[in-house]
Amino acid sequence: MSSLFPNYARRPIHLVEGKGTIVTDVNGKSYLDFISGIAVNSLGHAHPTLIQAVEEQSRKLWHVSNLFESPEQERLAALLLQDTHLSHMFFCNSGAEANEAAMKLARKFTGKHTIITFEQSFHGRTFGAMAATGQEKVKQGFGPLLPSFVTIPFNDSARLAAAATDEVAAIMLEVIQGEGGVNEITSDFAKAIHDVCKEKGILLIVDEVQTGIGRTGTRFAYEQTMLKPDIVTLAKGLGGGFPIGAMAGTTELAEVFGPGTHGTTFGGNPLAVHVAQSVVRHIFDPLFLDEVKKKSAYMKEQLQSILTGSPFVIKGRGLLVGIECGMDVTLMIELLQEKGLLVLQAGQTVIRLLPPLTVSVQEIDEAVEILGSVLPKMVVTS
Ligand SMILES: *Cc1c(COP(=O)(O)O)cnc(C)c1O
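One point on numbering: in my numbering, the residue at position 360 of the sequence shown is 364, and numbering is uninterrupted.
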């Protein structure tokens, strides 16, 4: 009998150790970790730089609250904002919190309350983020929900035009829907979003909780589109495994979040922020990001070669890769796990690969080999 609420469908594996891309369970069985704690362990497990960062800061100062100045937060902010059109940061503890901050900021700045979000999106589990999420299963039983959200199909410009009334404060979207199935925004739709925001004075919030911090091969995924978001939210990969969330915004928005308007006790504590500085310095190195792009291209190429002739379709960017299988993938994920490869589901029918950004070519080869021994067979048997 477990004393934990049964709100997670936990896999019956007890992982006790990790190094790089490899995790080991309590029985000594090793796995290639192509989940990375859901896009969190961006530098893999037990990265020496991060161990050092935790050690260093844990001896100095863990927590002081936001009653005091924070040069540590300033330094992380500078790293994140460098060479972007964004100018201000707010630090919190999770993706949902970052999105809550974003939606509060957008409402206060515009004086409007409607927020447009998209089907299959995922923005978190708090009341605001849950209402924003375009998946019924996330909301069931928790109503009445926070009102004023309008959820429309993704990549549907006609529906967007109809929804973009004068009441709209913001549009919130993922450039690639992670949980919802690794669904990319089309360039036509990005243009439609850009145009409608400009025309109607609607703020654009890009939720980069999963796609941000190098995951898609650039610092932020929006950089690969024509979008210039007013607000960007971050979390997952930002702390490399240490919990931290963040919201970035433009100069025009800054004054709206005056003293006392919004806050968090833990958010941006020196320990979390120090670790995140190490992560960001490491990943934002153009050479590192180039490697991510190369490994992504290589992985997709290798996947293509094992899936040629099958109906499976590869999608995604960087090291956020989906294999659309057109059938429920639960069984495949179990078989892959038995063979030592941990992967994730996205939507019902997509296998999602999220290796650490530090994954090696050899590890990609091993993972693809395991995928090749399971996936093509499924086509024949299904
Ligand atoms: C995971 C995720 C969230 C929620 O983050 P939490 O840290 O679990 O609150 C929000 N948005 C996106 C796009 C995510 O992938």
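No residue lacks a Cβ here, since even glycine has one placed at the ideal position from N, Cα and C.
Residue closest to residue i, alpha-carbon to alpha-carbon, out of the options
i	options	result
LEU238	ALA105, LEU71, SER69 and PHE131	ALA105
VAL347	SER91, VAL27 and LEU8	VAL27
LEU242	PRO75, TRP66 and PHE95	PHE95
ILE42	THR155, ARG63, ASN273 and PRO247	PRO247
GLY145	MET134, SER152, PHE153 and THR155	MET134
PRO274	PHE72, LYS204, LEU357 and ILE156	PHE72
LEU323	LEU357, PHE9, LEU19 and MET176	LEU357
VAL387	LYS319, LEU345 and VAL354	Because the chain in this structure spans residues 5 to 386, residue 387 falls outside the shown range and cannot be described.
GLU161	LEU361, ILE175 and SER152	It should be pointed out that residue 161 corresponds to Ser in this sequence rather than to Glu. The residue with the shortest Cα to Cα distance from SER161 is ILE175.
GLY182	ASP289, GLN228 and GLN124	GLN124
SER34	LEU379, GLU171, LYS343 and LEU375	LYS343
ILE119	ILE206, MET331 and GLU328	ILE206
VAL365	GLU305, SER282 and ALA81	GLU305
GLN214	ALA166, LYS297 and ALA250	ALA250
HIS390	VAL210, VAL277 and ASP234	Outside the modelled stretch of the chain, which goes from 5 to 386, sits residue 390, for which no answer is possible.
ILE180	SER7, GLY351, GLU171 and SER314	GLY351
ILE235	ASN187, LEU90 and GLU140	LEU90
PHE38	ASP170, HIS67, LEU361 and PHE131	LEU361
PRO380	VAL363, LEU339 and ILE368	LEU339
Closer than 7 Å: residue i CB and nearest ligand 1 heavy atom
i	result
PHE126	yes
ARG14	no
GLU188	no
GLN214	yes
ASN11	no
ASN45	no
ARG129	yes
ALA239	yes
SER98	yes
GLU183	yes
GLY244	no
GLU123	no
HIS103	Sequence check: residue 103 is Asn here, not His. For ligand 1, at least one heavy atom lies less than 7 Å from the Cβ of ASN103.
GLY249	yes
GLU21	no
ASP211	yes
GLU338	no
ASP178	One detail in the question is off: residue 178 reads as Glu in this sequence, not Asp. Checking every heavy atom of ligand 1 against the Cβ of GLU178, one is found closer than 7 Å.
Residue i, buried or exposed, once every other Cβ within 10 Å from all chains shown has been counted against 16
i	result
PRO359	buried
MET5	exposed
ALA301	exposed
TYR226	buried
ALA196	buried
ASN97	buried
SER40	buried
LEU164	buried
GLY147	exposed
PHE316	buried
LYS116	buried
ALA81	buried
HIS389	Here the chain comprises residues numbered 5 to 386, so residue 389 is not present and cannot be evaluated.
Counting pairs of beta carbons, one from the segment 80 to 88 and one from the segment 44 to 60, are three or more of them closer than 8 Å? no
Sufficient close CB pairs (3 or more, under 8 Å) joining the segment 43 to 54 to the segment 71 to 82: no
In chain order, each alpha helix (DSSP H) run of at least 4 residues that lies wholly inside the segment 131 to 185: 131 to 136, 140 to 143 and 161 to 167
Which runs of the beta strand (DSSP E) spanning at least 3 residues fall entirely within the segment 291 to 338, listed in chain order? 317 to 321 and 324 to 328
What are the uninterrupted segments assigned as alpha helix (DSSP H) that are 4 or more residues long and contained completely in the segment 82 to 138, given in chain order? 99 to 114 and 131 to 136
Is it true that the segment 310 to 318 meets the segment 111 to 125, where meeting means three or more beta-carbon pairs spaced less than 8 Å apart? no
Is the segment 14 to 26 close to the segment 255 to 262, with three or more CB pairs under 8 Å? no
Of all the alpha helix (DSSP H) runs that stay within the bounds of the segment 11 to 76, which reach a length of 4 or more residues? 40 to 43 and 52 to 64
Note down, one range per segment and in chain order, each beta strand (DSSP E) of at least 3 residues found wholly within the segment 191 to 261. 207 to 211, 235 to 238 and 249 to 253
With three or more C-beta pairs closer than 8 Å as the rule, is the segment 136 to 156 touching the segment 186 to 202? no
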